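Let me begin by presenting the structure, written as structure tokens, before commenting on it.
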Amino acid sequence: MSESPPGSREDRFRDLHRRTYPDLLRFVERRVPPAEAEDVVSTVYLTAWRRFGDVPDDARPWLFAVARRTMANQTRGLRRRRALDVRVASSFDELTPDGSAGVAARLDLVRAWRTLSAADREVLALVAFDGLTADQAATVLRCRRTTFAMRLTRARRRLEQALNPMPERAGARA
Amino acid sequence: MTELKDLDPARDREPNQVEWIRSTAHVERVISGTHASRRSAWPRRTLVGLAGAAVAAGVLAGIALVPGATDEAFAKWTPTPGQPGSDLVLPQARACASEWGASAPAASDVVLAEQRGTATILVLKKGAGLAECMAIGEEVFNYQVLADGPVEPLAGARAKTETWSSSGSGDEQYSRVVGRMGPDVTKVEIRLAGGQVITAGTGAGWWTAWWPGPEGGEVGTFEVVVHTARGSSSHDPIDLTR
Numbered sequence: 001m002s003e004s005p006p007g008s009r010e011d012r013f014r015d016l017h018r019r020t021y022p023d024l025l026r027f028v029e030r031r032v033p034p035a036e037a038e039d040v041v042s043t044v045y046l047t048a049w050r051r052f053g054d055v056p057d058d059a060r061p062w063l064f065a066v067a068r069r070t071m072a073n074q075t076r077g078l079r080r081r082r083a084l085d086v087r088v089a090s091s092f093d094e095l096t097p098d099g100s101a102g103v104a105a106r107l108d109l110v111r112a113w114r115t116l117s118a119a120d121r122e123v124l125a126l127v128a129f130d131g132l133t134a135d136q137a138a139t140v141l142r143c144r145r146t147t148f149a150m151r152l153t154r155a156r157r158r159l160e161q162a163l164n165p166m167p168e169r170a171g172a173r174a
Numbered sequence: 001m002t003e004l005k006d007l008d009p010a011r012d013r014e015p016n017q018v019e020w021i022r023s024t025a026h027v028e029r030v031i032s033g034t035h036a037s038r039r040s041a042w043p044r045r046t047l048v049g050l051a052g053a054a055v056a057a058g059v060l061a062g063i064a065l066v067p068g069a070t071d072e073a074f075a076k077w078t079p080t081p082g083q084p085g086s087d088l089v090l091p092q093a094r095a096c097a098s099e100w101g102a103s104a105p106a107a108s109d110v111v112l113a114e115q116r117g118t119a120t121i122l123v124l125k126k127g128a129g130l131a132e133c134m135a136i137g138e139e140v141f142n143y144q145v146l147a148d149g150p151v152e153p154l155a156g157a158r159a160k161t162e163t164w165s166s167s168g169s170g171d172e173q174y175s176r177v178v179g180r181m182g183p184d185v186t187k188v189e190i191r192l193a194g195g196q197v198i199t200a201g202t203g204a205g206w207w208t209a210w211w212p213g214p215e216g217g218e219v220g221t222f223e224v225v226v227h228t229a230r231g232s233s234s235h236d237p238i239d240l241t242r
């Protein structure tokens, strides 16, 4: 397939693609419909090739940051219909109460999730969905680790409050 | 946070084989520079199927690529050709001949065979003339007549382009070029406007190459570089039809 010598720039880029493609695809599909994900992922790898010297050893957060900017630009430039946001598994769209505690808990969770701001959802998703550490997530959002940690703490607290509203706070963010 | 994982829309999502092929193909195009060229603002006046009047009798058929075959062919494409094994060439030659209704060819009927990844181009004797055929495995997806009768060999360092064209659409366009050369020509290369250099496969006075991209159907987007022991010269393909 390639005539490049082992360790060449081309081979290192191919290796980067092999190592990161599934995670990057998942990251993008959490934020845009699957039909739009391929274009975003393609743009990310084009950017990564052009700026290969800037890609750190821990490439995933760097690629995710490029993907976020790409998706944000598409949202601003093409769709304009909504801000970049994290999606929820489609199985929750059809979930209806059946009297079981399990379904009730899941419905509560998705309702609580939807009361959060897009920014809170993004912070939580970077950790819970994308599996990033605070350092990595801070790289994606281009902020300091301490800033991310503070935002994560606040987002968790708001999610907790939405799940277990105090009587006087019920509906405060609804 | 553990319960939140249930909300993940991409939980357990893994790219399937087709997605891997498509993405790998894209990466290869990015590396080779052909991705950028497809999105450039080069002129797109079409010259599909242009052929030198002296030799080429014209396009016989263009068979659509099987879905997925393009991606794999692009992913595994190489700018320098290899030589397909004899176990592959003869079955492919038979498949090509069967497309134009000819009897099974012998090994001696194969004038030129070159392979880039999964795709092979063969130049074959067809009756008294010649035809060119592109195949993946034993599946033929493009073929054309190069000559209806005997072709006078070129002398010395002369080189000609006989036909060039592009096939497919959108991100799946690919280009082919076929030409002839005299015995003093040591190598023929295609240089795309984006800078990429593709080495043509050669044999028995013929040369050919294919590559992912639309340049074969455009004007001014590639040059033919002819090498001899004395040096090299670059030509617009249309100048080499004379």
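Chains as they are written, first to last, in the UniProt record's numbering: chain A, 1 to 174; chain B, 1 to 242.
All C-beta atoms, glycine included, are put in the ideal place defined by N, C-alpha and C.
Given the structure is predicted, the values throughout are model-derived calculations rather than measurements.
Can you confirm whether residue i, when its beta carbon is compared against all beta carbons of chain B, has any partner nearer than 8 Å?
i                      : result
residue 110 of chain A : yes
residue 89 of chain A  : yes
residue 157 of chain A : no
residue 52 of chain A  : no
residue 13 of chain A  : yes
residue 29 of chain A  : yes
residue 10 of chain A  : yes
residue 49 of chain A  : yes
residue 175 of chain A : Outside the modelled stretch of chain A, which goes from 1 to 174, sits residue 175 of chain A, for which no answer is possible.
residue 46 of chain A  : yes
residue 132 of chain A : no
residue 141 of chain A : no
residue 77 of chain A  : For residue 77 of chain A, the predicted model reports a pLDDT of 40, less than 50, meaning its position is unreliable; a value from the coordinates is still stated below. Residue 77 of chain A does not count as touching chain B.
Could you tell me the alpha carbon to alpha carbon distance between residue i and residue j, rounded to whole angstroms?
i                      : j                      : result
residue 167 of chain B : residue 109 of chain A : 52 Å
residue 35 of chain A  : residue 237 of chain B : 40 Å
residue 235 of chain B : residue 27 of chain B  : 30 Å
residue 155 of chain A : residue 116 of chain A : 8 Å
residue 126 of chain A : residue 53 of chain A  : 25 Å
residue 111 of chain A : residue 165 of chain A : 12 Å
residue 83 of chain B  : residue 108 of chain B : 16 Å
residue 102 of chain A : residue 87 of chain A  : 21 Å
residue 107 of chain A : residue 9 of chain B   : 15 Å
residue 86 of chain B  : residue 112 of chain B : 12 Å
residue 13 of chain A  : residue 7 of chain B   : 32 Å
residue 232 of chain B : residue 151 of chain B : 25 Å
residue 200 of chain B : residue 220 of chain B : 19 Å
residue 224 of chain B : residue 81 of chain B  : 16 Å
residue 210 of chain B : residue 177 of chain B : 6 Å
residue 146 of chain B : residue 197 of chain B : 24 Å
residue 23 of chain A  : residue 72 of chain A  : 19 Å
residue 50 of chain A  : residue 194 of chain B : 15 Å
Report yes or no: is there a C-beta of chain A within less than 8 Å of the C-beta of residue i?
i                      : result
residue 108 of chain B : no
residue 31 of chain B  : yes
residue 71 of chain B  : no
residue 10 of chain B  : yes
residue 240 of chain B : no
residue 88 of chain B  : no
residue 23 of chain B  : yes
residue 7 of chain B   : yes
Per DSSP, residue i forms a beta bridge with which residues?
i                      : result
residue 190 of chain B : B:198, B:224
residue 112 of chain B : B:123
residue 86 of chain B  : Answer is none; residue 86 of chain B lacks a bridge partner.
residue 174 of chain B : B:167, B:212
residue 160 of chain B : B:180
residue 26 of chain B  : Its beta-bridge partners do not exist; DSSP assigns none.
residue 203 of chain B : B:206
residue 231 of chain B : B:228
residue 86 of chain A  : BP columns for residue 86 of chain A are empty, so no partner.
Interface residues of chain B around residue i at Cβ under 8 Å?
i                      : result
residue 19 of chain A  : Those do not exist, as residue 19 of chain A stays about 12 Å from chain B at its closest Cβ, beyond 8 Å.
residue 106 of chain A : 6
residue 116 of chain A : In chain order: nothing, as chain B lies at least about 11 Å away.
Kindly list, in the order they appear in chain A, the residues whose Cβ is closer than 7 Å to that of residue i.
i                      : result
residue 3 of chain B   : 109
residue 154 of chain B : Result: empty, since nearest Cβ-Cβ is about 29 Å, beyond 7 Å.
residue 165 of chain B : Ordered by position in chain A, no residue passes the 7 Å Cβ test against residue 165 of chain B, which lies about 25 Å from the chain.
If the cut is a Cβ gap below 9 Å, which residues of chain B does residue i touch?
i                      : result
residue 127 of chain A : 1, 4
In chain B, what lies closer than 7 Å to residue i by C-beta?
i                     : result
residue 42 of chain A : 26
Cβ closer than 8 Å: which chain A residues qualify as neighbours of residue i?
i                     : result
residue 15 of chain B : 21, 22, 25
For residue i, is the beta carbon positioned less than 7 Å from some heavy atom of the ligand FMN?
i                      : result
residue 145 of chain B : Absence of the ligand FMN is noted for the structure shown, with no ligands found whatsoever.
So does the stretch 116-123 of chain B actually touch the stretch 67-81 of chain B, counting three or more Cβ pairs closer than 8 Å? Yes: at least three Cβ pairs fall under 8 Å.
Contact between the stretch 26-33 of chain B and the stretch 146-154 of chain A is defined here as three or more beta-carbon pairs at a separation below 8 Å; is this criterion met?
The way I'd put it, the stretch 26-33 of chain B doesn't touch the stretch 146-154 of chain A; fewer than three beta-carbon pairs between them come closer than 8 Å.
Query raised in the report: For the 8 Å Cβ check, are there 3 or more pairs between the stretch 180-197 of chain B and the stretch 148-162 of chain B?
Result: Three or more pairs of CB atoms, one per stretch, sit closer than 8 Å, so the stretch 180-197 of chain B contacts the stretch 148-162 of chain B.
query: Between the stretch 126-140 of chain B and the stretch 79-94 of chain B, are three or more C-beta pairs nearer than 8 Å?
result: The answer is yes - the stretch 79-94 of chain B touches the stretch 126-140 of chain B, with three or more Cβ pairs under 8 Å.
* Can you find at least 3 beta carbon pairs, one from the stretch 120-128 of chain B and one from the stretch 198-213 of chain B, that sit closer than 8 Å? -> Yes, since at least three Cβ pairs between the stretch 120-128 of chain B and the stretch 198-213 of chain B fall closer than 8 Å, the two stretches touch.
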